[in-house]
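All remarks here apply to the structure that follows.
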Amino acid sequence: MNKTDLRVIKTRETMHRALIDLLHEKPFDEITTKDVIEKARVNRTTFYRYYSGLVSLIDEVFFDFKQKFADLLANEHCQTEQVFQDFLNSRHTISALWKIQSRRYGLYDDMHKMLRVAFADELVKQNMVGHSLHYQSFICASLCMESLRYAILHNETMSLKQSIDDIKSLTGLF
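Take a look at the structure:
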């Protein structure tokens, strides 16, 4: 199977979208291969040509999304605000994948960890390490992830700068 063949790409994307849509319709543990096949409007043979089962589809969707996230973080020309907006634009996919919480899957935690590492690298690069690099990078990642979670779950349109300004205004409480 040629992974660059447009038909292959479109079929995979169709099955990915079907899974994401199903995650918005019912709990993860109630989704079956049959549900995905029906939602994607593919036949059983087609599904199994691409995936060994539901788990391999989920693995691919998670891997693709995490790879996209990693690529954005690795892009030196990409600004934090741009990453934040890109993920707000992917709110349908993100909110669906966040619903899957298991020992195998935990996208929110994976994204937090990836951000924490990226912030630690940036703090070191800009010589901004304070008392504890781990603490600083953890707080930065947490602020970004919680701002993203709030915006996604409340269907808000906001900028990371707006979020940071709101947080700065709260520092007087401490």
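If you're matching positions, the sequence shown starts at 1 in UniProt numbering and goes up one per residue. Every residue gets a Cβ at the ideal spot worked out from N, C-alpha and C, and that includes glycine.
**OP:** Assuming V124 contacts L133 (C-beta within less than 8 Å), just tell me the rounded distance between them.
**Re:** 7 Å
Original post:
Ends of the alpha helix (DSSP H) at residue 219?
Top reply: Residue 219 is absent from the structure shown; the chain starts at 1 and stops at 174.
**OP:** From the DSSP output, in three-state form, read off R49 for me.
**Re:** helix
Original post:
Roughly how many angstroms lie between the CA atoms of G172 and T80, to the nearest whole one?
Top reply: 25 Å
Subject >> Cutoff 8 Å; reference G53; Cβ partners in own chain excluding five residues on either side >> reply: T33
**OP:** Please confirm if L173 has its CB atom under 9 Å from at least one CB of chain B.
**Re:** Looking for chain B here will not work: only one protein chain is present.
Subject >> Identity of the residue in A120, R49, F28 nearest I58 by Cα >> reply: F28
Original post:
Where are the alpha helix (DSSP H) runs, 4 residues long or more, that stay fully inside the segment 41-124, in chain order?
Top reply: 44-50, 54-74, 80-88, 91-98
Subject >> Per-residue burial, A74 [other beta carbons within 10 Å of its own, 16 or more giving buried] >> reply: exposed
Original post:
Is it the case that the Cβ atoms of F62 and Y108 are separated by a distance below 9 Å?
Top reply: no
Original post:
Relative to the alpha-carbon of Q85, which residue among Q101, I152, I37 has its alpha-carbon at the smallest distance?
Top reply: I152
Original post:
Helix, strand or coil for I31 per DSSP?
Top reply: coil
Subject >> Host alpha helix (DSSP H) of H134 (start-end) >> reply: 133-153
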